[in-house]
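Colleague:
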Amino acid sequence: EPYRRQRQMCIRDSIYLGSFFCKLRQQTSPLFCLSLIIFNKTYTVVNFDVEQGRIIIRENPKYLSLNEMYQVANSYPKGSKDFVNVFDIAVRMYPTDAVANLNAGAVSLSQKDLNAAVKFMEKADHNTAEFINNTGVYNFLNGDINRAMAAFEQAAKLGNEAALANLKQLQQILSVKMK
210 EPYRRQRQMC IRDSIYLGSF FCKLRQQTSP LFCLSLIIFN KTYTVVNFDV
260 EQGRIIIREN PKYLSLNEMY QVANSYPKGS KDFVNVFDIA VRMYPTDAVA
310 NLNAGAVSLS QKDLNAAVKF MEKADHNTAE FINNTGVYNF LNGDINRAMA
360 AFEQAAKLGN EAALANLKQL QQILSVKMK
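The sequence shown begins at 210 in this note's numbering and counts up one residue at a time.
(1) In angstroms with no decimal places, state the Cα-to-Cα distance between Thr337 and Ala307.
(2) Can you list, in chain order, the residues of its chain with a C-beta nearer than 6 angstroms to that of Asp291? Leave out the 5 residues immediately preceding and following it.
(3) Please state if the CB of Gly368 and the CB of Ala357 are separated by a distance shorter than 9 angstroms.
(4) Beta-carbon within less than 6 angstroms of Ile341's beta-carbon, same chain only, minus the 5 sequence neighbours each way: which residues are those?
(5) Would you decide whether Tyr347 is buried or exposed? Buried here means 16 or more other CB atoms lie within 10 Å of its CB.
(6) Look at the Cβ atom of Met278, then the Cβ atom of Ile298, and state whether they are nearer than 9 angstroms.
(7) So what does DSSP say about Asp222, is it helix, strand or coil?
(8) Return helix, strand or coil for Phe257, following the three-state DSSP convention.
Set out below in structure tokens:
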């Protein structure tokens, strides 16, 4: 039989490659052969430059990673309009990212925008020391000193240095008021 070898290959192929290729081989010709094509694409990743990042974040922020956005933000003075704007862009570009929301919440708290802070903090990871510290700041700004102090103590125990500084500052304020 002239096509015995091809039928044997077809049986083998149906086991390994599925019946589709076997049927395709039968319908086209006994000489049908599969080809494997491998593509190699090479590209160069350019090192991130903060100065370029400052331009990109204004013109097309979708090309920046969250980390690159933070590098751009930290190149501005803390609390400046540009600093705040970068965190606003970051949370708009990455709306479900817990860290982006935590940072946007912290910026909102620094501007005393409690409603925006709550909105962002709801989407943040509630188990981090940074979140607990931000909760303490929120409570302080809301006038709930006892809850603020408890949050600062808890965050400080978890190793958050900002919470420790906030706790010391709050204790100084309270000691001045007691005198």
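Glycine included, each C-beta is placed from N, C-alpha and C at the ideal position.
Modeller: Reading from the atomic positions:
(1) Sequence index remark: in the sequence shown, residue 337 carries index 128 (1-based). Sequence index remark: in the sequence shown, residue 307 carries index 98 (1-based). Rounded to whole angstroms, Thr337 to Ala307 spans 10 angstroms at the Cα level.
(2) The residue given as residue 291 occupies position 82 in the sequence shown. Taken in chain order, the residues that qualify are Tyr285.
(3) Walking along the sequence shown from the start, residue 357 turns up at place 148. Walking along the sequence shown from the start, residue 368 turns up at place 159. Cβ distance not < 9 angstroms, so Ala357 and Gly368 don't count as in contact.
(4) If you number the sequence shown from 1, residue 341 lands on position 132. Excluding residues within five positions, the ones whose Cβ falls inside 6 angstroms are Ala360, Gln363, Ala364.
(5) One-based indexing of the sequence shown puts residue 347 at position 138. The residue in question, Tyr347, is buried, as its Cβ has 16 or more Cβ neighbours within 10 Å.
(6) Counted from its first residue, the sequence shown places residue 278 at position 69. Counted from its first residue, the sequence shown places residue 298 at position 89. In contact: Met278 and Ile298 (Cβ atoms closer than 9 angstroms).
(7) Walking along the sequence shown from the start, residue 222 turns up at place 13. Note on Asp222: pLDDT 48, under 50, position unreliable in the model; the coordinate value appears next. When DSSP states are grouped into helix, strand and coil, Asp222 belongs to the helix group.
(8) Here residue 257 is taken as the residue at index 48 of the sequence shown, counted from 1. Phe257: coil per DSSP, three-state reduction.
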